[in-house]
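Q: Residue numbers (my numbering), protein chains in the order written: chain L, 3 to 291; chain U, 3 to 291.
For each residue, glycine too, the CB sits at the ideal point set by N, CA and C.
Keep in mind it's a predicted model, so treat the numbers as computed, not measured.
One structure coming up, written as structure tokens, with questions to follow.
There are 2 protein chains.
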Amino acid sequence: MGQNEVTLKVTVNMQDQILTSANKPRATADALSTGRAARLAIRRNQHTGSTAGFAPGFVQANLAILPQALASDFLRFCQRNPKPCPMIGVSAPGDPAIPALGDDLDIRTDLPRYRVWRDGTVIDEPTDIRKWWRDDLVSFALGCSLSFEQALLDEGIELRHMTCDCTVPMYRTSVETNAAGPFHGPLVVSMRPMKPADAIRAIQITTRFPSVHGAPVHIGKPELIGIKDIGRPDWGDAVPVHEDEIPVFWACGVTPQSVIMAVRPDFCITHYPGAMLVTDRRNTEFAIM
Amino acid sequence: MGQNEVTLKVTVNMQDQILTSANKPRATADALSTGRAARLAIRRNQHTGSTAGFAPGFVQANLAILPQALASDFLRFCQRNPKPCPMIGVSAPGDPAIPALGDDLDIRTDLPRYRVWRDGTVIDEPTDIRKWWRDDLVSFALGCSLSFEQALLDEGIELRHMTCDCTVPMYRTSVETNAAGPFHGPLVVSMRPMKPADAIRAIQITTRFPSVHGAPVHIGKPELIGIKDIGRPDWGDAVPVHEDEIPVFWACGVTPQSVIMAVRPDFCITHYPGAMLVTDRRNTEFAIM
């Protein structure tokens with residue numbers, strides 16, 4: 003129990019920093035204006051921090067690298083839980099390329115920083131993982147909420163956690179994911195309060211982006227999905243929900259992270275919080291219509 | 003004030019019967035299996051009652067016929083309020099045809115029964131209106147909720163008023179329509195309680211049907227649109243909203259009806275409650291995707 007809580011705390015921090023840093027662009031140089039330009043600069047070790055603000059309009063992804071022995075179960079887990087685990091790229095075992103996300107992409111060098119885990123504990127936070135690479139490693143790139151949030155902002159919908167300059171509130175729900183092999187656990191959701199008309203519009207907009215969490219999984223009545231107190235998120239920061247608003251819940255990328263960590267794989271690698279995989283795909287390409 | 007209330011009561015009854023009768027198919031003969039077959043039978047005076055159950059899958063429409071002097075303002079009113087007033091067909095002045103809705107359609111004979119109004123009072127309820135026809139009359143066919151309700155039922159979403167075998171509850175809101183000429187008044191909404199996941203799905207489904215009221219105008223929190231007591235609809239019947247449900251509100255066809263009646267036009271004709279215009283267009287044709 004104690005160990006599980008430690009693990010979950012690590013996960014929290016990961017997502018916290020991802021989302022907080024996303025609100026604070028740190029690099030806007032022209033050299034970073036495309037996904038490829040950003041990756042090349044990162045590969046040359048010119049950037050070892052957050053990718054927030056890099057290559058505006060291009061998809062950034064969460065990274066999980068697992069040994070092949072676990073990879074097929076995790077693949078199946080993602081397939082069975084597409085809303086929290088939207089898989090936008092998977093490598094062949096041992097292959098550092100994911101051509102679907104970038105022609106020259108090398109997953110070992112193209113993220114600013116990584117976390118290397120052994121038995122559920124971080125053992126290294128390197129800026130490249132060539133020395134940790136193994137022939138049995140499979141890389142998973144999972145869509146993240148930055149893409150759909152951009153689409154919402156573009157339509158003039160307020161995102162409260164951005165207004166408050168804090169991390170989106172996230173909640174462990176009473177909804178179980180569909181298990182696959184050792185992978186199982188509760189669905190984690192993020193919450194954005196909206197006026198009803200905006201909530202309806204947000205459902206329409208995010209429906210267009212199934213590969214970056216898609217439509218909400220729940221609206222209104224937090225207690226129906228096991229959230230006892232909307233003012234006390236399990237991760238991230240509480241944000242005000244005004245009298246004329248309802249909470250809108252999306253499946254959250256913390257779900258696969260916490261599900262992986264709960265398995266305590268003997269070896270795995272993830273992105274360092276906020277230091278995402280910047281791809282050559284544009285957010286708009288992920289719209290299904 | 004007293005007069006307005008009488009007028010609104012008339013309107014109530016119109017919609018009540020439309021929607022109640024819609025739940026109780028009364029004719030399923032093969033001869034009525036298409037819109038055209040249904041219209042021909044009606045034209046021969048073989049049917050003078052409700053069109054519920056006629057030509058399954060074909061669009062049925064509300065009818066309003068106004069003198070040309072009012073028609074252009076009403077046209078503009080519909081254009082400015084597409085959600086409550088989804089115009090699917092308009093005739094030329096004096097022309098009983100609406101080719102867009104049926105090749106041989108004759109608006110004077112093809113509805114089972116009509117109501118003829120003078121100064122806001124019903125003066126006749128004939129089965130055809132040839133003797134009332136004038137060269138300055140413009141016919142408006144407005145989409146109705148039957149089409150989107152069919153789409154919801156097809157996807158397995160429960161419609162509470164059908165389960166309860168009663169009329170959908172309707173409410174006058176504090177939301178004003180966009181006025182045009184003499185036409186103005188509050189938006190009227192219909193309410194269907196749903197579990198949150200069904201509500202999200204229902205928003206997606208009805209978004210595809212903008213010409214039959216389209217996506218909801220409001221979800222949750224009735225008080226935000228001036229509905230004081232969800233248990234006391236202004237028209238139709240109260241239906242139970244369970245603890246695990248939220249109310250979902252769609253713009254309602256009672257809006258244009260009540261707006262027209264409030265103007266007390268010196269002359270107008272509408273369909274008799276429940277006796278709709280059956281068209282040659284299929285419900286599925288109205289899906290924008």
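State yes or no: is the C-beta of U/Gly-145 within less than 8 Å of the C-beta of U/Arg-284?
A: For U/Gly-145 and U/Arg-284, no; Cβs fall outside 8 Å.
Q: Using a Cβ cut-off of 9 Å, pull out every chain L residue sitting near U/Met-291, in sequence order please.
A: Result: Met-291.
Q: Confirm, please, whether the CB-CB distance from L/Gly-276 to L/Ala-54 is below 8 Å.
A: Cβ atoms of L/Ala-54 and L/Gly-276: closer than 8 Å.
Q: Verify whether the separation of the beta carbon atoms of U/Cys-270 and U/Trp-119 is less than 8 Å.
A: Yes, the Cβ-Cβ distance between U/Cys-270 and U/Trp-119 is below 8 Å.
Q: Is there contact between the region 229 to 240 of chain U and the region 101 to 110 of chain U, where contact requires at least three CB pairs shorter than 8 Å?
A: With a cut-off of 8 Å, the region 101 to 110 of chain U and the region 229 to 240 of chain U do not count as touching, because too few Cβ pairs lie within range.
Q: Are any of the Cβ atoms in chain U nearer than 8 Å to that of L/Ile-100?
A: It does not: the Cβ of L/Ile-100 has no partner Cβ on chain U nearer than 8 Å.
Q: Would DSSP call U/Gln-48 helix, strand or coil?
A: It is coil, neither helix nor strand.
Q: Identify, in the order they occur along the chain, each residue of the same chain with its Cβ nearer than 8 Å to the Cβ of U/Asp-137, setting aside the five sequence neighbours on each side.
A: Excluding positions up to five away in sequence, the list reads Pro-95 and Gly-96.
Q: Check the Cβ of U/His-220 against every Cβ in chain L and list those closer than 9 Å, keeping chain order.
A: Residues of chain L passing the Cβ test: Pro-198, Ala-199 and Ile-202.
Q: Output yes if chain U places a C-beta closer than 8 Å to the C-beta of L/Asp-246; else output no.
A: Yes, because at least one Cβ of chain U sits closer than 8 Å to the Cβ of L/Asp-246.
Q: Residue range of the beta strand (DSSP E) that L/His-273 falls in?
A: Its beta strand (DSSP E) spans residues 270 to 273.
Q: What residue from L/Arg-82, L/Gln-259 and L/Leu-77 has the CA that sits closest to L/Gly-91's CA?
A: It is L/Leu-77.
Q: Would you decide whether U/Met-291 is buried or exposed? Buried here means 16 or more other CB atoms lie within 10 Å of its CB.
A: Flag for U/Met-291 reads exposed.
Q: Please list the partners that U/Thr-209 has in chain L, where partner means a Cβ-to-Cβ separation under 7 Å.
A: Ordered by position in chain L, the residues that pass the 7 Å Cβ test against U/Thr-209 are Gln-206.
Q: For U/Met-193, which residues of its own chain have a beta-carbon under 6 Å away from its beta-carbon, when the five flanking residues on both sides are left out?
A: Excluding sequence neighbours, U/Met-193 sits near Pro-171, Pro-249 and Phe-251.
Q: Of the choices U/Glu-287, U/Thr-281 and U/Met-196, whose alpha-carbon is the least far from that of U/Ala-39?
A: When each option's Cα is compared against that of U/Ala-39, the closest is U/Thr-281.
Q: In chain U, which residues lie with their C-beta within 7 Å of the C-beta of L/Leu-226?
A: In chain order: Pro-198 and Asp-246.
Q: Taking three-plus beta-carbon pairs below 8 Å as touching, is the region 251 to 265 of chain U in contact with the region 170 to 187 of chain U?
A: Touching, per the Cβ criterion.
Q: Residues of chain U with a CB under 9 Å from the CB of L/Lys-223: which are they?
A: Here the neighbours are Pro-198, Gly-222, Glu-245, Asp-246, Glu-247 and Ile-248.
Q: So with CB distances below 9 Å, who are the chain L contacts of U/Ala-217?
A: Those are Ile-202, Arg-203, Ile-205 and Gln-206, listed as they occur along chain L.
Q: Of the choices U/Ala-181, U/His-220 and U/Glu-245, whose alpha-carbon is the least far from that of U/Ala-264?
A: It is U/Ala-181 whose Cα lies nearest to the Cα of U/Ala-264.
Q: Distance check for L/Leu-148 and L/Ser-35, CA to CA, integer angstroms please.
A: Approximately 17 Å between the Cα atoms of the pair.
Q: Taking only three categories from DSSP, how would you classify L/Asn-83?
A: Correct three-state label for L/Asn-83: coil.
Q: Starting from U/Met-263 and walking both ways along the alpha helix (DSSP H), at which residues does that stretch end?
A: 256 to 265 is the span of the alpha helix (DSSP H), which, as asked, contains U/Met-263.
Q: Assuming U/Met-278 and U/Ala-63 make a contact with CB atoms under 8 Å, what is their CB distance in whole Å?
A: So it is a contact: roughly 6 Å between Cβ atoms.
Q: Give the single residue among U/Lys-85, U/Arg-266, U/Gly-158 and U/Ser-213 whose Cα lies nearest to the Cα of U/Pro-184.
A: The residue with the shortest Cα to Cα distance from U/Pro-184 is U/Arg-266.
Q: Return the CA-CA distance between U/Ala-201 and U/Leu-226, expressed in angstroms with no decimal places.
A: Looking at the two C-alpha atoms, the distance is approximately 18 Å.
Q: Should L/His-273 be labelled buried (16 or more other beta-carbon atoms within 10 Å of its own) or exposed?
A: L/His-273 should be labelled buried.
Q: Decide if U/Asn-83 is buried, meaning its Cβ has at least 16 other Cβ atoms within 10 Å, or exposed.
A: Classification of U/Asn-83: buried, given that the 10 Å Cβ count is 16 or more.
Q: Comparing alpha-carbon positions, which option in L/Leu-103, L/Gln-152 and L/Ser-260 lies nearest L/Glu-178?
A: Of L/Leu-103, L/Gln-152 and L/Ser-260, the residue nearest in Cα terms is L/Ser-260.
Q: Taking DSSP's pairing of strands, which residues face U/Ile-2 in a bridge?
A: The question about residue 2 of chain U has no answer, for chain U in this structure spans 3 to 291.
Q: Could you spell out the range, first to last residue, of the alpha helix (DSSP H) harbouring L/Phe-150?
A: Counting along the chain, the alpha helix (DSSP H) containing L/Phe-150 begins and ends at 147 to 156.
Q: If you draw a straight line from the C-alpha of U/Ala-217 to the C-alpha of U/Met-89, how long is it?
A: Rounded to whole angstroms, U/Ala-217 to U/Met-89 spans 16 Å at the Cα level.
Q: Roughly how many angstroms separate the alpha carbons of L/Arg-203 and L/Gly-187, rounded to a whole number?
A: Cα-Cα distance, rounded: 30 Å.
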